[in-house]
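Below is one structure, written out as structure tokens; comments come after it.
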Amino acid sequence: MTAQILSAVFTIIIGVGGCVVYFWTANRLLDVIFPSRGVSGAAAIDNLRRQGYIRPWLFVGPAMLILAVYLIYPVVATLILSVHDRTGQNFVGMANYSWAFGDREFLQAIFNNILWLAVVPAACTFLGLIIAVLTDKIWWGNIAKSLVFAPLAISFVGASVIWKFVYEYRGEGQAQIGILNAIVQYFGGNPQVWISTPFWNNFFLMVILIWIQTGFAMVILSSALRGIPDETIEAATIDGASGFQIFWKIMIPQIWGTIAVVWTTITILVLKVFDIVLTMTNGQWNSNTLANLMFDWMFRGGGDFGRGAAIAVIIMLAVVPIMIWNIRQANREGGGH
Amino acid sequence: MASVDFVNVKKSFGSHPVIKGVDVEIADGEFVILVGPSGCGKSTLLRMLAGLENISAGEIRIGDKVVNRLAPKERDIAMVFQNYALYPHMTVAENMAFSLKLKGASKAEIETRVKPAAEILGLTPLLDRYPRQLSGGQRQRVAMGRAIVRDPQVFLFDEPLSNLDAKLRVAMRAEIKELHQRLKTTTVYVTHDQIEAMTMADKIVVMHDGIVEQIGAPLELYDQPANLFVAGFIGSPAMNMIKGRLDPENASRFIALDGTVLPVGKPVEAAKGKDLIYGLRPESMRLDGSGIPITVVVIEPTGSETQMMAKLAGVDVACVFHERVAARPGDIINVAIDTRSTHLFDAESGRRL
């Protein structure tokens, strides 16, 4: 334990210290190579201009290098892998893609992903918005907000473990320790094996992500709601709008941009959903999603680099347009109108 | 259109009273301005009339109806806010039509109400624009248009011009006044700017610290300020105040602390022996070789008039001359005081004598 803490501290010091040393040294070197003091005026101006031209590259350089190695290279490598066979040696053209669209499991995963896309972002945004509005009106609103926000701090795997207990099923005659079955039993129903009920189990998994992400939606939307000028709401009150009309016709349109950003951010997250499926069902009982299927083919039973890579490319193609739109929208929100 | 009455209206936020019993009567069609320094309660009073703040005690009537418990939309009022409060996601036309739409008016009816209002305010070419595409003055006009379209009993304005630059403010001032003359709707207007109050109002209500200091027509307040607060608040540059007492022998002579004798227009025998404040408007002095000597401190010629800071009876006084004055700082010039516009106040109570 102590050794681990020490090594963590050591790593942080090396990491942060390394950055400081790099930036300081690079900056100093630039000053030495193109001095702006102790030379003639014209030379100093020239050197200052050169410094101004080079310095941004020095500072941004390491980040660009790391991005290239860890982001751009994998994308290119995945694209290449996806047109090769299971060993990654022999070129097979689009065979992996045509396989995917004929594969029952892949189509099931696509279907499930679409289901997730239809439910989770909408549910998170809607619940987040409702909670944000309601908690603004009650004195214990901040406590409620903290409670709703808390799950965001839990990892997907951790959350899944918690919810596994919620959905837990014990055989007939045994005491049900899962709270959902306990409630069902209390009201006289029959306990169910929730996570292995095809089709509906998708929704039980979605609940977990909704539970986690509603807090995110709530926080962002809550601050957007606070940004609405009070005067517009007062003006609407005087214009004769009811509380409901003010909400739909005055408040929602003013935070529409933020709603869109929240919605798309969660959409991107949902497209990549993996941990929850892996931990809860591992894709069994027709609950698989694309990311988990990719993982299966790439690293586990499948052992087919080509097919795994092809699925990864498909996920990326689905995410990119939403991502671009999301970034544009976020920039517009941040940059004002 | 309707009259508006405030009857002993009070308002507290928690235990902190902000309106301490206000009585104002506003006649049908009148343009009334509530004016006072910030924190005097004028905006709160307006918001109480609008129904945006509740009333702690007293009664507010619009027409014959007590509106204390009515929701804003039932009061038949329209309000123009300081920051315009336009709906940013609606075009100019939609902003103006919003209240009508809520009432379920037909498209044709909305058109017949919005078009003339836009015409009056010169907004017709801007009807399809969004608020962010408009200048400050145009936004202000849209806010007024939104109010006009409703054809309310009372217009409320809450410091509508304070976000505009000086030049535009003067132009909008005239525009609002002209609009009132055209529509003749009862108007309650809040501002901290006494010039706005003087130039626009039929009647001014001067407020200070949650109470009404004086109610009257602009020139009435200027000529007969009821107390030191109104005297100092109305008029720019502000009235000069000089401490002293009346001559015990002759009530028409005011003797300042340093012994300078100043003429009193309307002698008040009863004020003899009391500590007094002598009020002198900057423009009630004129150059006169045989007058009272004053020492020039700063001189500011503006062309049409000459403003001056000078020492009179040991205190700094502002003077405005409607002629050109060839003096330099340090010079001593002589002025005569127009005794028709001198004021005497009780130093203790601040009341006019």
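Chain order of the listed sequences is A and B.
Numbering-wise (UniProt numbering), the first sequence opens with residue 1 and increments by one.
Numbering-wise (UniProt numbering), the second sequence opens with residue 1 and increments by one.
We treat Cβ as the ideally placed atom computed from N, Cα and C, and that holds for glycine.
- The count of Cβ pairs closer than 8 angstroms, one atom from the stretch 78 to 90 of chain B and one from the stretch 137 to 148 of chain B, reaches three, so the stretches are in contact.
- Close to chain B, meaning a Cβ-Cβ distance shorter than 9 angstroms, are the following residues of the stretch 229 to 248 of chain A: 229, 230, 231, 232, 233, 234, 235, 236, 237, 238, 239, 240, 241, 242 and 245.
- With a threshold of 8 angstroms between beta carbons, residue 311 of chain A makes no contact with chain B.
- Remark: C-beta atoms of residue 262 of chain B and residue 337 of chain B approach each other more closely than 8 angstroms.
- Close partners of residue 89 of chain B in chain A (Cβ separation under 8 angstroms): 253, 254 and 256.
- Only 102, 103 and 132 from the stretch 101 to 133 of chain B bring a Cβ to less than 7 angstroms from some Cβ of chain A.
- Residue 87 of chain A sits close to residue 305 of chain A, with the two beta carbons spaced by under 8 angstroms.
- Nearest CB-CB separation between residue 62 of chain B and chain A: not below the 8 angstroms threshold.
- DSSP, reduced to helix, strand and coil, places residue 40 of chain B outside both helices and strands of the structure shown, so it counts as coil.
- B:198 is the residue among B:198, B:236 and B:206 whose C-alpha sits nearest the C-alpha of residue 218 of chain B.
- Shown here for residue 143 of chain B: same chain residues with a beta carbon closer than 8 angstroms to its own, the five before and five after excluded, namely 80, 81, 84, 85, 86 and 160 in chain order.
- The beta carbon of residue 158 of chain B sits closer than 8 angstroms to the beta carbons of 43, 46, 47, 79, 80, 81, 82 and 190 from its chain, once the five residues preceding and following it are set aside; these are given in chain order.
- Classified as exposed, residue 244 of chain A has fewer than 16 neighbouring CB atoms from the shown chains inside 10 Å of its CB.
- Taking the CA atoms as reference points, residue 312 of chain A sits about 42 angstroms from residue 250 of chain A.
- According to DSSP, residue pairing for residue 278 of chain B in a beta bridge involves B:242 and B:344.
- Rounded to whole angstroms, residue 169 of chain A and residue 266 of chain A show a C-alpha spacing of 30 angstroms.
- The continuous alpha helix (DSSP H) containing residue 218 of chain B extends over residues 218 to 223.
- Note on residue 183 of chain A: under 16 other CB atoms within 10 angstroms of its CB, so exposed under the neighbour-count rule.
- The residue among A:301, A:303 and A:271 with its C-alpha nearest the C-alpha of residue 289 of chain A is A:271.
- For residue 259 of chain A, not one C-beta of chain B is nearer than 8 angstroms to its own C-beta.
- Around the C-beta of residue 187 of chain B, 16 or more other C-beta atoms lie within 10 Å, and the residue is accordingly described as buried.
- Interface annotation, residue 72 of chain B: in contact with chain A, CB-CB separation under 8 angstroms.
- When secondary structure is reduced to three states using DSSP, residue 138 of chain A falls in the coil class, being assigned neither helix nor strand.
- A residue is called buried once 16 or more other Cβ atoms fall within 10 Å of its Cβ, and residue 331 of chain B, having fewer, is exposed.
- Contact between residue 350 of chain B and residue 257 of chain B is ruled out by a C-beta separation of about 18 angstroms, above the 8 angstroms threshold.
- Excluding the 5 residues flanking it on each side, residue 247 of chain A has same chain C-beta neighbours closer than 8 angstroms at 133, in chain order.
- Of the residues assessed, residue 15 of chain A falls on the exposed side of the cut-off, its CB having fewer than 16 other CB atoms within 10 angstroms.
- Where residue 154 of chain B is concerned, there is no enclosing alpha helix (DSSP H), although the beta strand (DSSP E) around it starts and stops at 154 to 158.
- Exclusion of the five residues before and after residue 305 of chain B leaves 320, 321 and 322 as the residues of its chain whose Cβ lies within less than 7 angstroms of its Cβ.
- The distance from the Cβ of residue 9 of chain B to that of residue 55 of chain B is about 6 angstroms, consistent with a contact at the 8 angstroms cut-off.
- Taking each of A:49, A:34, A:5 and A:55 in turn and checking the Cα distance to residue 22 of chain A, the smallest one comes out for A:55.
- Under the 8 angstroms criterion on CB atoms, residue 48 of chain B is classed as non-interfacial with respect to chain A.
- The Cβ of residue 13 of chain B sits no closer than 8 angstroms to any Cβ of chain A.
- At a cut-off of 8 angstroms between beta carbons, residue 250 of chain A contacts chain B.
- Put simply, the CB of residue 83 of chain B is near chain A, with a gap under 8 angstroms to one of its CB atoms.
- Secondary structure of residue 141 of chain B (DSSP, three-state): helix.
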